[in-house]
Amino acid sequence: MSNFSAFLDGENKPLRVAESHIPTPGPNDIIVRNHAVAINTVDPAQQAGFKVARYPTVLGHDLAGIVHEVGSSVTRFKDGDRVLGHAWQFLTGQAEDGAFSLYTRIPAGNAAILPDNIDFKQGSVLPVAIDTAARGFYDTGFMGLDLPTADAKPNGKVVIVYGGSTSVGVAAIQLAVNAGYRVIATSSPRNHDLCREAGAAAVFDYKSLSVANDIAKSVGNDQFVGLWNTIGIPESFDVVTPIMQKLSGGFVANTKPPGPTPENITVKFVLGLDEYSYPLWEHWITDALASGKLKALPEPKVVGKGLESLEHAFKVRNGDVSGCKIVVEL
Ligand SMILES: NC(=O)c1ccc[n+]([C@@H]2O[C@H](COP(=O)([O-])OP(=O)(O)OC[C@H]3O[C@@H](n4cnc5c(N)ncnc54)[C@H](OP(=O)(O)O)[C@@H]3O)[C@@H](O)[C@H]2O)c1
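Heads up, the sequence shown is in my numbering, so the first residue is 73 and it goes up one at a time.
The following block contains the structure:
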């Protein structure tokens, strides 16, 4: 049995598909035979040289597949389990930890069981989005939300998700709603149904001139906890800042390093990868997927099959992506 990987040999080099060894698990790792991988904006960015520790390397974060081998301390998984998970090459710099291989090593703490009614391509859309949304909500120094539970009751608190139709936004909506928060989201009108399907109670068009007023009105007398800015770029603050000012300031979790903001608004950059999300993966995601409380959203858009399709998938990912996640089946 052998592995194949899409190697990156240097900055801006094309991916090179070649045979590789099947990784060995550490005590707390699992080896996954990937059947679908999703493409994130960071993947083509890494191909262009962003935060690559050494060459050759293997990129890729989002995966879904079948457990091939488990480490000696792993109890939650066994060989043959269907799983989704987050690969850690961005942190470890190791080629074995990149998702763009047939076999990848991932921490068992960053994986969950994929129920039979959710196929691999659907499962692959979630891991990075969940981990990014989760850090803004739960890690020390961020929003301090309660974790989701199976039977959360409305708690009278409100979270705003700016960019509700991004994959990070859809995950943020689902995490907050499953912990009892009321979520107000923004997106283009074409994606309002997606935000509602994820659980948003209200959705506003961020291009509307009245969006800040409309959101403030919708928050009403409920307690405003914070705003997740999944768009993150400086221009997004043209809308986010007026919303925050209407609410007298507060906390913003941001997908990009922030620029200067008014004193009453605290903006903090989120890197969506590390052990902070283990409780979510270990105690909630498997059951929530099985019960339908956590939905595999947004829809996967499959743009190819096989590691050779990744190069094309990167190009698609660098174009306009709306209300879906770009996926390659393996
Ligand atoms: N720091 C991290 O760890 C981390 C992790 C994951 C992602 N990210 C970053 O987070 C962002 C979201 O990633 P994603 O993959 O979840 O996004 P995505 O699914 O590709 O989101 C695309 C959507 O973003 C919305 N959008 C694009 N430009 C916009 C703008 N100028 N203003 C408002 N909305 C805009 C559009 O929504 P509508 O079509 O509804 O208008 C578009 O459909 C990306 O910038 C990505 O690089 C960071």
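Beta carbons: idealized from backbone N, C-alpha and C, even for Gly.
Simplified DSSP state of residue i, which is helix, strand or coil
i    : result
Q295 : strand
E83  : coil
A251 : coil
T204 : helix
P372 : strand
G181 : helix
S290 : helix
V89  : strand
Residue i to residue j span [Cα, whole Å]
i    : j    : result
D203 : S239 : 11 Å
P329 : V339 : 9 Å
G170 : S282 : 44 Å
K225 : V233 : 20 Å
K397 : C267 : 15 Å
H355 : Y348 : 13 Å
L343 : I303 : 14 Å
F309 : I190 : 36 Å
S77  : A167 : 9 Å
G143 : I94  : 14 Å
Check: residue i C-beta below 8 Å from any heavy atom of ligand 1
i    : result
K328 : yes
K397 : yes
T164 : no
G322 : no
Y278 : yes
R177 : no
R405 : Nothing can be reported for residue 405, as the shown portion of the chain is limited to 73 through 402.
R28  : Residue 28 lies beyond the residue range present for the chain, which begins at 73 and ends at 402; the question has no answer from this structure.
T182 : At residue 182 the sequence reads Asn, which differs from the Thr that was named. No; taking the cut-off as 8 Å, the Cβ of N182 has no heavy atom of ligand 1 nearer than that.
L24  : Outside the modelled stretch of the chain, which goes from 73 to 402, sits residue 24, for which no answer is possible.
P116 : no
E307 : yes
P370 : yes
N390 : no
S259 : yes
Residue i classed as buried or exposed, judged by whether at least 16 other C-beta atoms fall within 10 angstroms
i    : result
N326 : buried
D81  : exposed
T96  : exposed
N336 : exposed
R105 : buried
T258 : buried
N84  : exposed
Y127 : exposed
Contact belief for residue i with residue j at Cβ below 8 Å, rounded distance in angstroms
i    : j    : result
S92  : S173 : 6 Å
Q119 : L131 : 7 Å
A256 : V230 : A small fix is needed here, since residue 256 is Ile in this sequence, not Ala. The Cβ separation is near 6 Å, so the contact holds.
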